[in-house]
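Participant: Under the UniProt record's numbering, the first residue of the sequence shown carries the number 1, and numbering increases by one thereafter.
For every residue, glycine included, the Cβ atom is placed at its ideal position computed from N, Cα and C.
Because the structure is a prediction, the values reported are computed rather than measured.
I'd like to ask some things about the structure below.
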Amino acid sequence: MKKIFFLLCTTLILSCTNKTNETKETESTNKSEIKTSENFDWLLGNWKRLNDEAGNETFESWQKINETEYQGVGFTLKNGDTISQEKMQLVKQNNQWNVSVSIPSEPQATVFKLTQIDNHSFICENELNDFPKKIEYWFEGKNLKAKISNSDMEIAFDFEKIK
């Protein structure tokens, strides 16, 4: 009888210990996922381009939908009329961040794969697209900077935050 009681106690203790280790492993995994998750909150807000062509006013606005999706809209005005616009989505799917850019004249969005990410910048690329092949965003001081390019040309964007 004492042996059966001893075996039951030992089994119970080992079961509790294994459950505790599984819980610790799960918590550790969740913490590491949180630490390595990317955050693009520095994009958020309304931005006005500082280095625009004379007579043009370009704006971008970014909002956070959830932890894996940001949406942006960009447009350029000339004499109060919209001369260009685009919608952007920064989305994480299957552990990969992508930027999709849609313009009204195109039936499908162009998708750019993020190839480099750090705390306040990212680069995304689509080698199959004529222009741009590369889109870069970074935060510098209080300003948002962007650049679109291919091997022959680049266009820089300097934005300041507006209220």
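(1) My guess is that T82 and E57 are in contact by the Cβ rule of under 8 Å, so how many angstroms apart are they, rounded?
(2) Can you round the beta-carbon distance between S112 and N95 to whole angstroms, since I take them to be within the 8 Å contact cut?
(3) Which residue or residues does DSSP assign as beta-bridge partners of W42?
(4) Nearest CA to the CA of M88: which residue from K64, N79, G80 and K78?
(5) Do S61 and E86 have their C-beta atoms within less than 8 Å of each other?
(6) Compute the distance between the beta-carbons of K163 and K142, then report whether it is under 8 Å.
(7) So, helix, strand or coil for S151, using DSSP?
Facilitator: Quick look at the numbers:
(1) Mapped onto the sequence shown, residue 82 falls at position 82. Mapped onto the sequence shown, residue 57 falls at position 57. So it is not a contact: roughly 10 Å between Cβ atoms.
(2) For the purposes of this step, residue 112 is taken as the residue at position 112 of the sequence shown. For the purposes of this step, residue 95 is taken as the residue at position 95 of the sequence shown. The amino acid at residue 112 is misidentified as Ser; the sequence shows Phe. Between the beta-carbon of F112 and that of N95 there is about 17 Å, and that puts the pair past the 8 Å contact cut.
(3) If you number the sequence shown from 1, residue 42 lands on position 42. The secondary-structure analysis by DSSP pairs W42 with nothing; it has no beta-bridge partner.
(4) Locating residue 88 in the sequence shown gives position 88, counting from the first residue. When C-alpha distances from M88 are compared across K64, N79, G80 and K78, the shortest belongs to K64.
(5) For the purposes of this step, residue 61 is identified with residue 61 of the sequence shown, where counting begins at 1. For the purposes of this step, residue 86 is identified with residue 86 of the sequence shown, where counting begins at 1. Contact: no.
(6) Position 163 of the sequence shown, counted from the start, is the residue given in the question as residue 163. Position 142 of the sequence shown, counted from the start, is the residue given in the question as residue 142. For the 8 Å CB-CB criterion, K163 and K142 do not form a contact.
(7) For the purposes of this step, residue 151 is taken as the residue at position 151 of the sequence shown. It is coil, neither helix nor strand.
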